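Protein chains in written order, with my numbering: chain H, 89 to 200; chain A, 4 to 114.
Here it is as structure tokens:
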């Protein structure tokens, strides 16, 4: 595997379900990110991790819970989501400094 | 006022045309400027990265930054149908990790 990988690529879940999104980067980077991309809106930064420590939480509702066990892996745990949470969730990584970010293919999430 | 403004398009051009994509921004502290290309159902791919004002060229792509006007551009020469995608501008003041994105411009290059 190369670059940034994400699983699953597609996810349909009910409002009462619990699921997790997984991201893995094979670039040797120190920082990892979760973004939300909704139709016709700019990418919204959700969380930032540097060297496994969370350095940014962009006022994300608690029904989204990130986890970063090491610099290569990032998870987004989901529970009791709302239909408006349906979107493409993108993971990215960057070397220290963060201005060059590399994205994974995303998980297309549909909440029913 | 949004920090970064980008015309959503769609922009439709014939193959071989020169394409100009633009973003304006309001925060004069931005110093790092990027262009990403996003194909349908894929993640954004970093195309161009520039620091401060000036031009940067890479093959058929040229990125231009005019900090005095708070305006950045991406030019695509000899456009190809494979260039059909959404192009996102992004910028940062260099504060650790924070990128601000435009909403993206959809480009269609028809044969």
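Where is the CB? At the ideal position from N, CA and C, for every residue including glycine. The structure displayed is predicted, hence computed values, not measured ones.
(request) Provide the residue(s) that pair with residue 201(H) in DSSP beta bridges, ordered along the chain. (result) The question about residue 201(H) has no answer here: the residues shown for chain H are numbered 89 through 200.
(request) Using three-state DSSP, classify residue 84(A) as helix, strand or coil. (result) helix
(message) So, for residue 110(H): in the same chain, excluding its five sequence neighbours on each side, which residues have a beta-carbon less than 6 Å away from its beta-carbon?
(response) If we look at residue 110(H) and ignore the five residues flanking it on each side, its Cβ neighbours are 95 and 163.
(request) Mind reading off the beta-carbon distance from residue 26(A) to residue 4(A)? Whole number of angstroms is fine, and I expect it under 8 Å. (result) Contact doesn't hold; Cβ gap of about 14 Å is too wide.
(request) Name the two residues that bound the continuous beta strand (DSSP E) containing residue 69(A). (result) 64 to 69
(request) Starting from the Cα of residue 196(H), find the closest Cα among 152(H), 90(H), 180(H) and 97(H) and give me that residue. (result) The shortest C-alpha separation from residue 196(H) is found at 97(H).
(message) What does DSSP give as the partner residue(s) for residue 175(H) in the beta ladder?
(response) 197(H)
(request) State whether the region 78 to 95 of chain A contacts the region 40 to 51 of chain A, with contact taken as three or more CB pairs (one from each stretch) at a distance under 8 Å. (result) yes
(message) Restricting to Cα atoms, I'd like to know which of 170(H), 159(H) and 172(H) is closest to residue 117(H).
(response) 159(H)
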